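>
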Amino acid sequence: MTAAAPNYELIQQDGLETSLLEVSMGPHHPSTHGVFRMDVKLDGETVVDLKPVFGYLHRNHEKLAESMSYLASMPFTDRLDYFNSMTNNWAYALAAEQLIEIEIPERAEYLRVIMSELTRLVNHVSLVGFFVNDLGALGTPLLYAFREREKILDLFEQASGARMMCNYFRFGGLRCDVPEGWLERTREVVDRFPKFLDEYEKLLCENEIILSRTQGVGNLSKELAISAGITGPMLRASGVNYDIRKVDRYGIYDRFKFRVPFSEGDVGDCYDRFMVRMLEMRESIEILKQALDGIEDGPIMGNAGKVFKPAKAESYGRVEAPKGELGFYLVADGTTQPYRFRVRPPSFINLTVLRDMCIGQQVADAVIILGSIDIVLGEVDR
Amino acid sequence: MSEAIPHEAVLQRFPEVEWDEEFGTLIVPSAKATEVAIWLRDDEAFRLDYCSNVTGIDYLDREFKEKVKNEEGKTETIIHKDPARMEVVYHLYSMEKRTGPLVMKQRTTREKPEAQSLTPVWRSCELQEREIYDLFGINFTEHPDQRRILMWDEFEGHPMRKDYVEPFDYEWEPTPHDEILEKHQKGKVIF
Numbered sequence: 001m002t003a004a005a006p007n008y009e010l011i012q013q014d015g016l017e018t019s020l021l022e023v024s025m026g027p028h029h030p031s032t033h034g035v036f037r038m039d040v041k042l043d044g045e046t047v048v049d050l051k052p053v054f055g056y057l058h059r060n061h062e063k064l065a066e067s068m069s070y071l072a073s074m075p076f077t078d079r080l081d082y083f084n085s086m087t088n089n090w091a092y093a094l095a096a097e098q099l100i101e102i103e104i105p106e107r108a109e110y111l112r113v114i115m116s117e118l119t120r121l122v123n124h125v126s127l128v129g130f131f132v133n134d135l136g137a138l139g140t141p142l143l144y145a146f147r148e149r150e151k152i153l154d155l156f157e158q159a160s161g162a163r164m165m166c167n168y169f170r171f172g173g174l175r176c177d178v179p180e181g182w183l184e185r186t187r188e189v190v191d192r193f194p195k196f197l198d199e200y201e202k203l204l205c206e207n208e209i210i211l212s213r214t215q216g217v218g219n220l221s222k223e224l225a226i227s228a229g230i231t232g233p234m235l236r237a238s239g240v241n242y243d244i245r246k247v248d249r250y251g252i253y254d255r256f257k258f259r260v261p262f263s264e265g266d267v268g269d270c271y272d273r274f275m276v277r278m279l280e281m282r283e284s285i286e287i288l289k290q291a292l293d294g295i296e297d298g299p300i301m302g303n304a305g306k307v308f309k310p311a312k313a314e315s316y317g318r319v320e321a322p323k324g325e326l327g328f329y330l331v332a333d334g335t336t337q338p339y340r341f342r343v344r345p346p347s348f349i350n351l352t353v354l355r356d357m358c359i360g361q362q363v364a365d366a367v368i369i370l371g372s373i374d375i376v377l378g379e380v381d382r
Numbered sequence: 383m384s385e386a387i388p389h390e391a392v393l394q395r396f397p398e399v400e401w402d403e404e405f406g407t408l409i410v411p412s413a414k415a416t417e418v419a420i421w422l423r424d425d426e427a428f429r430l431d432y433c434s435n436v437t438g439i440d441y442l443d444r445e446f447k448e449k450v451k452n453e454e455g456k457t458e459t460i461i462h463k464d465p466a467r468m469e470v471v472y473h474l475y476s477m478e479k480r481t482g483p484l485v486m487k488q489r490t491t492r493e494k495p496e497a498q499s500l501t502p503v504w505r506s507c508e509l510q511e512r513e514i515y516d517l518f519g520i521n522f523t524e525h526p527d528q529r530r531i532l533m534w535d536e537f538e539g540h541p542m543r544k545d546y547v548e549p550f551d552y553e554w555e556p557t558p559h560d561e562i563l564e565k566h567q568k569g570k571v572i573f
């Protein structure tokens, strides 16, 4: 599991004074993507040991949700992974809809898929920007990414009234319909997106510095990835073909034709994780095109009652969020409040293997390994 | 949804394991937990190689009422009794067979909460069991690195427990006692 550390006693005997250097990286450092700390032990430039420390943003979201009605925690789910509020909403709605029989109208299902795939584009495009930023290409690629992200955030604002904290889903449908002309504008954005991706791939994918910095760095084997519960693009980069959109077929994902990109080898490195996300964006565009073709007029809210009061039951709803499997576990006790509310955050569990991937690498590589995991601290700390 | 997993084989193989009809979960005694978990992971029929979600639940000793319509069409109130206990819940999936979930629970008492750590079986339990230890105060035997994870190390108490009392001011005094605690219990301190 761990790379063999050199025998320091032997080095001491050679008459040299040597010891490990302990560095606390973070919590206030741009490369940690928020308030996250890594306690790193260094032998020269090589990482010998690493401990992730977090909890700086902990606000006990679960306890909050247990003290309010089911619907009232919907806006709070936006704040978990604040890049992807739409998929957070969907995961929570999915878990709650299992507790009570609700029919979801066709148009709402289509809009859910469209919103969720747009979210995936937002997340992956900005992740790639941040990742290249971590590599030292400061600014320019990130701003290219943010230019595209802004166009999609404008669409979210037109539909839900907010750029990031959308609060758009409801149990049994959506809060409101999209405004007139929104679908045409979305189609324009989606049609232009591949052109940007071509440009972006040309700029990054065969760049010599990116290749030499990311290939063979942060190796994660297939066995460890499965055992450690890694999900999402990180799992697929390690060679496992597992996508919850294909496995669970929640919503109406069984109607769309799309491929799941995954790495062929048994070991995934940072470059694989970067490439899987680049390829996934192309597939999201395919899904979006099919969904925009298939959507028809109709109601957007089902037969849900005003008060959400499920009987005594348990449910676990999970979706393929851009970062991995996002699950909500609810225990209902017959009242209007959940007795137990649990979030299964993908980026929190993906951090399990950070130490395994960083040991034996250079300290500068620890930064890009963390970047390739794709964490958001709002979700890790909850 | 992916296929549900038949649980009868587990009950045949391990007579100690119970099946909870109400929620559809396996109740595994802590002493047997590792053995059952390894069997579920490695058995050809199950291959539950992926432990997705691990969490705890705290049940206080309580009664709750449910209104049910009887045969004559009148509403009756049934009083359920829920014994005090703590549970650790595992949601298991199979990546190889693409099946799941199978829900497994370890039960423990509220007075001396202890459960068997399944981190040696599934690495994904590592951080999640640490979180349960931090927020619920359940001790995991054989956990490789049981420390607080979200709260700071000096923190006292376990905030996700149902009977947890918030302190008056975290910075001034992290746990309430004496007068403040009494006022809390009488419901006089309002934030």
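Which chain is which? The protein sequence lines are A and B, in order.
Our numbering puts the first residue of the first sequence at 1, with every later residue one more than the last.
Our numbering puts the first residue of the second sequence at 383, with every later residue one more than the last.
Just so you know, even glycine gets a beta-carbon here, dropped at the ideal spot from N, CA and C.
Predicted, not measured: the structure shown is a model, and the values here were computed from it.
#1: Could you name the residues that DSSP lists as bridge partners for A/Ala321?
#2: Can you name the start and end residues of the beta strand (DSSP E) that B/Leu393 belongs to?
#3: Count the other CB atoms, across all protein chains shown, that sit within 10 Å of the CB of B/Trp534; report buried if there are 16 or more and exposed otherwise.
#4: Since A/Asp381 meets chain B, which of its residues come closer than 9 Å, beta carbon to beta carbon?
#5: For the candidate residues B/Asp424, B/Arg423, B/Val392 and B/Glu453, whose alpha-carbon lies nearest to that of B/Ile409?
#6: List the residues of chain A whose Cβ lies closer than 9 Å to the Cβ of B/Tyr432, in chain order.
#7: Could you confirm whether any beta carbon from chain B is found closer than 8 Å to the beta carbon of A/His61?
#8: DSSP on A/Trp182, reduced to helix/strand/coil?
#9: Are A/Val113 and A/Tyr250 close, meaning C-beta to C-beta below 8 Å?
#10: According to DSSP, is B/Pro483 helix, strand or coil?
#11: Along chain A, which residues have their Cβ under 7 Å away from the Cβ of B/His525?
#12: Using the Cα positions of B/Asp527 and A/Ala364, report the straight-line distance between them to the nearest angstrom.
#13: What residues in the stretch 289-320 of chain A bring their beta carbon closer than 9 Å to a beta carbon of chain B?
#14: Is the Cβ-Cβ distance between B/Asp440 and B/Lys544 less than 8 Å?
#15: When you compare only the Cα positions, how much space is there between B/His462 and B/Phe405?
#16: How many whole angstroms separate the CB atoms of A/Leu99 and A/Pro310, which I take to be in contact at a CB cut-off of 8 Å?
#17: Got a sec? Which residues, its chain only, sit under 7 Å from B/Ile420 by beta carbon, not counting five neighbours each side?
#18: Please work out which residues of its chain come closer than 7 Å, Cβ to Cβ, to A/Tyr92, disregarding the five sequence neighbours upstream and downstream, and give them in chain order.
#19: Using 8 Å as the limit for Cβ to Cβ distance, is A/Arg340 near chain B?
#20: State the CB to CB distance for the pair A/Lys312 and A/Gly334, rounded to an integer number of angstroms; the pair is presumed to be in contact (CB under 8 Å).
#21: With distances taken from CA atoms, which of B/Met542, B/Asp516, B/Glu478 and B/Glu513 is nearest B/Asp427?
#22: Opposite B/Asp402 in the DSSP bridges: which residues?
#23: So, is the C-beta of A/Arg344 closer than 8 Å to a C-beta in chain B?
#24: So what does DSSP say about B/Ile460, is it helix, strand or coil?
#25: Taking 8 Å as the limit between beta carbons, can you name the residues of its chain near A/Pro194, skipping five residues before and five after?
#26: Along the chain, where does the alpha helix (DSSP H) that runs through A/Ser24 open and close?
#27: For the beta strand (DSSP E) that A/Asp39 lies in, which residues bound it at each end?
#28: Going by C-alpha to C-alpha distance, which of B/Thr481, B/Leu474 and B/Glu493 sits closest to B/Lys487?
#29: Please report the straight-line C-alpha distance between B/Ser476 and B/Gly482, rounded to a whole angstrom.
#30: What residues in the stretch 501-516 of chain B bring their beta carbon closer than 9 Å to a beta carbon of chain A?
#31: Shortest alpha-carbon distance to B/Glu445 belongs to which of B/Glu453, B/Asp464, B/Glu458 and B/Val471?
#32: For a contact defined as C-beta to C-beta under 8 Å, what are the partners of B/Pro483 on chain A?
#33: I need the straight-line Cα distance from A/Arg273 to A/Asp356, nearest angstrom please.
#34: Starting from B/Cys433, follow its DSSP beta bridges and name the residues at the other end.
#35: Show which residues of chain B have a CB atom less than 8 Å away from the CB atom of A/Glu45.
#36: Please list the partners that A/Leu351 has in chain B, where partner means a Cβ-to-Cβ separation under 9 Å.
Result, derived from the coordinates:
#1: In the first sequence, residue 321 of chain A corresponds to position 321, counting from 1. Note: A/Ala321 sits in a beta bridge opposite A/Gly324.
#2: As a working note, residue 393 of chain B is residue 11 in the second sequence. Run containing B/Leu393: none in the beta strand (DSSP E); it sits in the alpha helix (DSSP H), Glu390 to Arg395.
#3: Counting from one through the second sequence, the residue named residue 534 of chain B turns up at place 152. B/Trp534 should be labelled exposed.
#4: Within the first sequence, numbered from 1, the residue matching residue 381 of chain A stands at position 381. What A/Asp381 touches in chain B: Leu532.
#5: Stepping through the second sequence from its first residue, residue 409 of chain B is reached at position 27. It is B/Val392.
#6: Along the second sequence, one-based indexing puts residue 432 of chain B at 50. Chain A residues near B/Tyr432: Ile226, Ser227, Gly229, Thr231 and Tyr242.
#7: The residue labelled residue 61 of chain A in the question sits at position 61 within the first sequence. Taking Cβ atoms only, chain B never reaches closer than 8 Å to A/His61, which makes this a no.
#8: Counted from its first residue, the first sequence places residue 182 of chain A at position 182. Note: A/Trp182 maps to helix in three-state DSSP.
#9: Taking the first residue of the first sequence as 1, we reach residue 113 of chain A at position 113. Taking the first residue of the first sequence as 1, we reach residue 250 of chain A at position 250. Cβ distance not < 8 Å, so A/Val113 and A/Tyr250 don't count as in contact.
#10: By 1-based counting over the second sequence, the position of residue 483 of chain B is 101. Strand, per DSSP.
#11: Sequence index remark: in the second sequence, residue 525 of chain B carries index 143 (1-based). Here the premise fails: no neighbours, minimum Cβ distance about 13 Å.
#12: Looking up residue 527 of chain B in the second sequence gives position 145. Looking up residue 364 of chain A in the first sequence gives position 364. For B/Asp527 and A/Ala364, the distance between alpha carbons rounds to 26 Å.
#13: Ala311, Lys312, Ala313, Glu314, Tyr316 and Arg318
#14: Locating residue 440 of chain B in the second sequence gives position 58, where the first residue counts as 1. Locating residue 544 of chain B in the second sequence gives position 162, where the first residue counts as 1. Cβ atoms of B/Asp440 and B/Lys544: closer than 8 Å.
#15: The residue given as residue 462 of chain B occupies position 80 in the second sequence. The residue given as residue 405 of chain B occupies position 23 in the second sequence. Using only the alpha carbons, I get a separation of about 15 Å.
#16: For the purposes of this step, residue 99 of chain A is identified with residue 99 of the first sequence, where counting begins at 1. For the purposes of this step, residue 310 of chain A is identified with residue 310 of the first sequence, where counting begins at 1. Right, the Cβ-Cβ distance comes to about 4 Å (below 8 Å), so this counts as a contact.
#17: In the second sequence, residue 420 of chain B corresponds to position 38, counting from 1. Result list for B/Ile420: Val503, in chain order.
#18: For this step, residue 92 of chain A is matched to residue 92 along the first sequence. Cβ neighbours of A/Tyr92 beyond the five flanking positions: Met74, Thr77 and Phe328.
#19: For the purposes of this step, residue 340 of chain A is taken as the residue at position 340 of the first sequence. Chain B, which has a Cβ nearer than 8 Å to the Cβ of A/Arg340, makes this yes.
#20: Along the first sequence, one-based indexing puts residue 312 of chain A at 312. Along the first sequence, one-based indexing puts residue 334 of chain A at 334. About 5 Å; that satisfies the 8 Å criterion.
#21: Here residue 427 of chain B is taken as the residue at index 45 of the second sequence, counted from 1. Going by the sequence as given, residue 427 of chain B is Ala instead of Asp. Out of B/Met542, B/Asp516, B/Glu478 and B/Glu513, B/Glu478 has the C-alpha closest to the C-alpha of B/Ala427.
#22: Taking the first residue of the second sequence as 1, we reach residue 402 of chain B at position 20. Answer is B/Thr407.
#23: Counted from its first residue, the first sequence places residue 344 of chain A at position 344. Yes, A/Arg344 lies at the interface with chain B (some Cβ there is under 8 Å from its Cβ).
#24: What you label residue 460 of chain B is simply residue 78 of the second sequence in a count that begins at 1. If DSSP states are grouped into helix, strand and coil, B/Ile460 belongs with the strands.
#25: For this step, residue 194 of chain A is matched to residue 194 along the first sequence. If we look at A/Pro194 and ignore the five residues flanking it on each side, its Cβ neighbours are Arg282 and Ile285.
#26: Reading the first sequence from its first residue, position 24 is the one you call residue 24 of chain A. Careful: A/Ser24 lies outside any alpha helix (DSSP H), inside the beta strand (DSSP E) at Leu21 to Met25.
#27: Numbered from 1 along the first sequence, position 39 holds the residue referred to as residue 39 of chain A. Per DSSP, A/Asp39 belongs to the beta strand (DSSP E) from Arg37 to Asp43.
#28: Position 105 of the second sequence holds residue 487 of chain B. If we check each option's Cα against that of B/Lys487, B/Leu474 comes out closest.
#29: Looking up residue 476 of chain B in the second sequence gives position 94. Looking up residue 482 of chain B in the second sequence gives position 100. In a straight line, the C-alpha of B/Ser476 is about 6 Å away from that of B/Gly482.
#30: Val503, Trp504, Arg505, Ser506, Cys507, Glu508, Leu509, Gln510, Glu513 and Asp516
#31: For this step, residue 445 of chain B is matched to residue 63 along the second sequence. When only C-alpha atoms are compared, the closest one is B/Asp464.
#32: As a working note, residue 483 of chain B is residue 101 in the second sequence. Those within 8 Å of B/Pro483 in chain A are Tyr316.
#33: Here residue 273 of chain A refers to the residue found at position 273 when the first sequence is read from its first residue. Here residue 356 of chain A refers to the residue found at position 356 when the first sequence is read from its first residue. Computed Cα separation, rounded: 16 Å.
#34: Mapped onto the second sequence, residue 433 of chain B falls at position 51. According to DSSP, B/Cys433 bridges with B/Leu474.
#35: Reading the first sequence from its first residue, position 45 is the one you call residue 45 of chain A. Residues of chain B passing the Cβ test: none, with the nearest at roughly 26 Å.
#36: Position 351 of the first sequence, counted from the first residue, corresponds to residue 351 of chain A. The contacting residues are Leu509.
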